[in-house]
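Enquirer:
Chains as they are written, first to last, in the working numbering: chain A, 3 to 211; chain B, 33 to 152.
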């Protein structure tokens with residue numbers, strides 16, 4: 003199957019099966035953040051009802067030509083791609099999931115992305131904890147609630163979640179889960195972990211008032 | 033939480049996009065547009081529209097998020113937001129904004145999200 007947007011014979015737009023019902027009135031978003039190759043796009047694809055799509059933003063300083071970062075010939079101009087997917091929660095409510103790189107030089111993307119987001123999933127690669135460390139600090143600064151999901155790569159050494167929590171200097175109230183980003187059920191459970199956590203915080207906040 | 037600014041993305045846009053958007057760098061829509069604002073056309077595109085505007089009107093027969101429009105048009109979301117502000121001011125499309133950002137989301141909303149996720 004072709005991407006509807008890349009078929010030159012077609013006008014751009016969703017395939018008929020990818021349209022939302024006319025009743026869709028409100029969208030919410032969750033951001034999945036982590037380093038390159040940690041499985042953000044895999045997780046988005048596992049739970050999305052549409053094939054993951056890509057939206058791009060440009061930045062005008064020199065980028066480093068690695069993975070997902072497609073430097074246009076002009077050295078001062080770099081395009082950063084963000085993959086996203088969609089879940090229709092009911093006939094009116096739609097959830098969008100955005101995957102975004104965690105490295106500091108991409109934080110310029112975060113303003114538009116995190117404003118109004120329900121919360122975030124920090125997807126962790128145990129082989130490269132430094133990225134997660136910076137991301138967690140940044141999310142805490144923004145007051146953005148998050149859960150930490152440890153993606154189980156086949157063959158990667160298993161880590162005890164308590165050890166990881168210490169290594170990441172993570173407060174004990176922040177939920178941590180193991181997951182398999184390739185699995186729809188596992189990825190859904192990560193999103194449920196986040197929303198349950200948010201729900202508990204909201205109820206606790208209401209009680210305090 | 034940061035402030036309500038949502039359109040900071042324009043700062044890095046290259047010159048060709050500057051031309052496409054007629055040199056405007058921000059949305060003039062009353063409601064700031066978000067990546068997940070849903071856009072719906074009010075009518076079929078008329079022949080006088082600029083191609084990018086016409087493409088948006090055509091693809092938004094059913095609701096589509098700003099992010100999806102950006103993906104299908106292969107244009108940065110910041111550019112799509114400027115194009116959308118034209119269409120909104122001409123009343124060719126309507127915007128269904130996301131629930132305004134609060135420090136914590138509403139419990140009823142979260143229950144609806146959890147209910148929807150459990151059905152996956």
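Where a beta carbon is used, it is the ideal one built from N, C-alpha and C, also for glycine. For clarity, every value in this text was computed on a predicted model and none was experimentally measured.
1) Could you check how far apart the C-beta atoms of residue 96(B) and residue 70(B) are, in whole angstroms? I think they sit under 8 angstroms.
2) With a 10 Å radius around its C-beta and 16 neighbouring C-beta atoms as the bar for buried, classify residue 201(A) as buried or exposed.
3) If I'm right that residue 89(B) touches residue 125(B) with Cβ under 8 angstroms, what's the distance once you round it to whole angstroms?
4) Can you find the residues in the same chain that come closer than 6 angstroms, C-beta to C-beta, to residue 152(A), ignoring five residues on each side of it along the sequence?
5) From the beta carbon of residue 211(A), is the nearest beta carbon of chain B less than 9 angstroms away?
6) Would you please state the rounded distance, in angstroms, between the beta carbons of residue 81(A) and residue 58(A)? I believe it to be under 8 angstroms.
7) So residue 192(A) packs on residue 149(A), CB below 8 angstroms; how close in whole Å?
8) Any chance you could list the beta strand (DSSP E) runs of at least 3 consecutive residues sitting entirely within the region 67-136 of chain A, in chain order?
9) Whose Cβ in chain B lies nearer than 7 angstroms to the Cβ of residue 125(A)?
10) Beta carbon of residue 87(B), beta carbon of residue 14(A): below 9 angstroms?
11) Would you verify that the beta carbon of residue 71(A) is, or is not, closer than 9 angstroms to some beta carbon of chain B?
12) Near residue 54(A), what residues of its chain come up, given a Cβ to Cβ distance below 7 angstroms and the 5 sequence neighbours on each side ignored?
13) Could you check whether residue 139(B) and residue 204(A) sit closer than 9 angstroms to each other, using their CB atoms as the reference points?
14) How many angstroms separate the CA atom of residue 145(A) from the CA atom of residue 166(A)?
15) Strictly under 9 angstroms for the Cβ-Cβ distance: is residue 208(A) near chain B by that measure?
16) Could you give the first and the last residue of the continuous beta strand (DSSP E) run that contains residue 61(A)?
17) Leaving aside the five residues before and after residue 164(A) along the sequence, list all residues of the same chain whose C-beta is less than 7 angstroms from its C-beta, in chain order.
18) List the endpoints of the continuous alpha helix (DSSP H) containing residue 138(B).
19) Closest by CA to residue 83(A), which one among 99(A), 26(A), 123(A) and 56(A)?
20) Less than 8 angstroms between the CB atoms is what I'm expecting for residue 100(A) and residue 49(A), so what's the real figure, rounded?
21) On a Cα-Cα basis, can you pick out the residue from 76(B), 81(B) and 103(B) that is closest to residue 52(A)?
22) Any beta carbon of chain B sitting closer than 9 angstroms to that of residue 64(A)?
23) Taking DSSP as the reference, what is the three-state secondary structure of residue 142(A)?
24) Please confirm if residue 183(A) has its CB atom under 9 angstroms from at least one CB of chain B.
25) Could you tell me the alpha carbon to alpha carbon distance between residue 72(A) and residue 160(A), rounded to whole angstroms?
26) Just checking: is the beta-carbon of residue 88(A) within a distance shorter than 9 angstroms of some beta-carbon in chain E?
27) Would you mind reading off the limits of the alpha helix (DSSP H) that contains residue 118(B)?
28) Does DSSP put residue 70(B) in a helix, a strand or coil?
29) Please classify residue 100(B) as buried or exposed, where buried requires at least 16 other C-beta atoms within 10 Å of its C-beta.
30) At least one CB of chain A closer than 9 angstroms to the CB of residue 116(B): is that the case?
31) Do you know offhand how far residue 7(A)'s Cα is from residue 91(B)'s?
Expert: Reading from the atomic positions:
1) 7 angstroms
2) buried
3) Contact between residue 89(B) and residue 125(B) is confirmed by a C-beta separation of about 6 angstroms, below the 8 angstroms threshold.
4) 126 and 180
5) no
6) Going by Cβ atoms, the distance from residue 81(A) to residue 58(A) rounds to 5 angstroms, so yes, they are a contact pair.
7) 7 angstroms
8) 71-73, 80-90, 95-103 and 121-126
9) Going along chain B, no residue has its Cβ under 7 angstroms from residue 125(A), so there is no contact; the nearest lies around 17 angstroms.
10) yes
11) Residue placement at residue 71(A) is poorly supported in this model, since its pLDDT is 48, which falls under 50; the coordinates still yield a value, given next. Taking Cβ atoms only, chain B never reaches closer than 9 angstroms to residue 71(A), which makes this a no.
12) 43, 46, 47, 85, 86 and 87
13) yes
14) 22 angstroms
15) yes
16) 55-61
17) No residues qualify anywhere along the chain.
18) Annotation: residue 138(B) is outside any alpha helix (DSSP H) and is labelled neither H nor E by DSSP.
19) 56(A)
20) Actually they are not in contact, since the Cβ atoms of residue 100(A) and residue 49(A) sit about 13 angstroms apart, beyond 8 angstroms.
21) 103(B)
22) Low per-residue confidence applies at residue 64(A): pLDDT is 47, beneath 50, and the placement is therefore not dependable, though the value from the model is reported in the following sentence. Cβ-Cβ to chain B under 9 angstroms: no for residue 64(A).
23) helix
24) no
25) With a pLDDT of 48 at residue 72(A), under the threshold of 50, the predicted position of this residue should be treated as unreliable, though the coordinate-derived value follows. Between the alpha carbons of residue 72(A) and residue 160(A) lies a gap of roughly 33 angstroms.
26) Although the question refers to chain E, the structure presented lacks it and instead comprises the protein chains A and B.
27) 109-121
28) strand
29) buried
30) Judged by the 9 angstroms Cβ criterion, residue 116(B) is not in contact with chain A.
31) Note that residue 7(A) has pLDDT 45, beneath the 50 cutoff, so the model's placement of it is unreliable and the number below is only indicative. One C-alpha to the other measures close to 11 angstroms.
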